[in-house]
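Q: Numbering (UniProt numbering), first residue to last: 1 to 292.
Written as structure tokens, this is what we have:
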């Protein structure tokens, strides 16, 4: 058990501050974040070059130490020594909140084990920033982060997510977002609501709101730049019934997979049934299912 009173006298040790940085517009940083960055002894940065731009902009001269996924095990003991000597550290990622799809959590856990206070500052995070302007329900949501990169693993995961009723927040690279939307089309109905946000808080900020097929059409015909945040509308009971009854809404392959799962059919049986329902030859469905 660990019980922390954040603002009592911690003179025997330093404090680890988790400081959010702007996700684009540098003016989004808080006064408190700037004060902490100025007052601490060290700044642990995911990329010191990137953080230096922020420090230069606000005339902050605090020394930095690199802290990223490749040197975590080396740095944590060094940081613990500094903190136990009474030195304080501000940990930052390149953009947004530390630990959210970025380094940080292992350092937090190590500090908690050593009874070193950990204080988190509120601030920008891309997922929630995108969510509240998306037009999708923000009452309940789940942060997914980055999806698996391999097509088979991604489709399997998307299939698991497809029945979730809350809005889902996904981070994606502009180089992979088109293929991700294509994979979604094999799992979700064509008219499923999605919102693609890019370049958040920057001059080219854009929200692309529409159905899955509409957003995919834009991704296929335009070069989308900047880190993307993809929001997926929650499933509804009515939509699930439509998915199982109206095969026009899904691809042939997804239709076969749906029958396999729903009716406990073999792929051979499901292919035969899909061919019958769609008025197609079994060979056509077989080729589509096996990507031949």
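Just so it is clear, CB atoms sit at the ideal spot from N, CA and C, and this is done for glycine as well.
Between which residues of its own chain and residue 215 is the CB-CB distance below 7 Å, once the five residues before and five after are set aside?
A: Excluding positions up to five away in sequence, the list reads 181, 194, 196, 208.
Q: Which one of 47, 115, 85 has the shortest CA to CA distance from residue 91?
A: Nearest of 47, 115, 85 to residue 91, Cα basis: 47.
Q: Are the Cβ atoms of residue 138 and residue 144 separated by less than 8 Å?
A: no
Q: With a cut-off of 8 Å on the beta carbons, I'd call residue 164 and residue 142 a contact; round off their distance for me.
A: 7 Å
Q: Round the Cβ separation of residue 116 and residue 42 to the nearest angstrom and send it over; I've been treating them as touching at under 8 Å.
A: 14 Å between Cβ atoms; not a contact.
Q: Assign residue 13 to buried or exposed, taking buried as 16 or more other Cβ atoms, counted over all protein chains shown, within 10 Å of its Cβ.
A: buried
Q: Return helix, strand or coil for residue 239, following the three-state DSSP convention.
A: Low local confidence applies: a pLDDT of 48 at residue 239 is under 50, so the model's placement there is unreliable, and no value is given.
Q: Can you list, in chain order, the residues of its chain with a C-beta nearer than 6 Å to that of residue 370? Leave out the 5 residues immediately preceding and following it.
A: This structure cannot settle anything about residue 370, because the visible part of the chain is limited to 1 through 292.
Q: Taking the Cβ atom as the reference point for each residue, do residue 38 and residue 60 lie within a distance shorter than 8 Å?
A: When the beta-carbon positions are compared, residue 38 and residue 60 come within less than 8 Å of each other.
Q: Does the beta-carbon of residue 8 have 16 or more other beta-carbons within 10 angstroms, so that it is buried, or is it exposed?
A: Exposed.
Q: So, using beta-carbon positions, are residue 16 and residue 83 closer together than 8 Å?
A: yes
Q: Out of 100, 250, 109, 35, state which residue places its alpha-carbon closest to the alpha-carbon of residue 169.
A: 100
Q: Rounded to whole angstroms, what is the Cα-Cα separation between residue 222 and residue 228?
A: 14 Å
Q: Comparing C-alpha positions only, which one of 2, 44, 3, 5 sits nearest to residue 18?
A: Cα-wise, what sits closest to residue 18 is 44.
Q: Ends of the alpha helix (DSSP H) at residue 51?
A: Where residue 51 is concerned, the enclosing alpha helix (DSSP H) stretches over 48-57.
Q: Which partner residues does residue 45 have in the DSSP bridge list?
A: 66, 92
Q: Which one of 205, 70, 123 has the shortest CA to CA distance from residue 34?
A: 123
Q: Run through DSSP, which three-state label would residue 200 get?
A: coil
Q: In three-state terms, what does DSSP make of residue 175?
A: coil
Q: Taking the continuous alpha helix (DSSP H) assigned at residue 120, which residues delimit it?
A: According to the DSSP assignment, residue 120 belongs to no alpha helix (DSSP H) but to the beta strand (DSSP E) extending over 118-120.
Q: Using beta-carbon positions only, say whether residue 95 and residue 174 come within less than 8 Å of one another.
A: no
Q: Would you identify the three-state DSSP class for residue 168, choosing helix, strand or coil?
A: strand
Q: Cα-Cα, which of 276, 111, 40, 126 is closest to residue 146?
A: Looking at 276, 111, 40, 126, the one whose alpha-carbon comes closest to that of residue 146 is 126.
Q: Expressed to the nearest angstrom, what Euclidean distance is found between the alpha-carbon atoms of residue 154 and residue 148?
A: 5 Å
Q: List the whole-angstrom C-beta distance separating residue 270 from residue 284, where the pair is believed to meet the contact cut-off of C-beta under 8 Å.
A: Between residue 284 and residue 270 the Cβ distance is about 14 Å, and since that is not below 8 Å, they are no contact.
Q: Is the distance from the Cβ of residue 192 to the Cβ of residue 226 below 8 Å?
A: no
Q: Please indicate yes or no: does the CB of residue 265 lie closer than 7 Å to some heavy atom of the ligand MN?
A: This structure simply doesn't include the ligand MN, nor any ligand for that matter.
Q: Which residue from 162, 81, 97 puts its Cα closest to that of residue 110?
A: 81
Q: Does the distance from the C-beta atom of residue 235 to that of residue 162 stay below 8 Å?
A: Closer than 8 Å, so yes.
Q: Look at the alpha carbon of residue 275 and the alpha carbon of residue 157, and state the distance between them as a whole number of angstroms.
A: Each residue's Cα considered, the two are about 27 Å apart.
Q: Among the residues of its own chain, which have a CB less than 7 Å from the CB of residue 40, if the five just before and after it don't count?
A: If you ignore the 5 residues before and after residue 40, its C-beta comes within less than 7 Å of the C-beta of 17, 62, 88, 89, 90, all in its own chain and listed in chain order.
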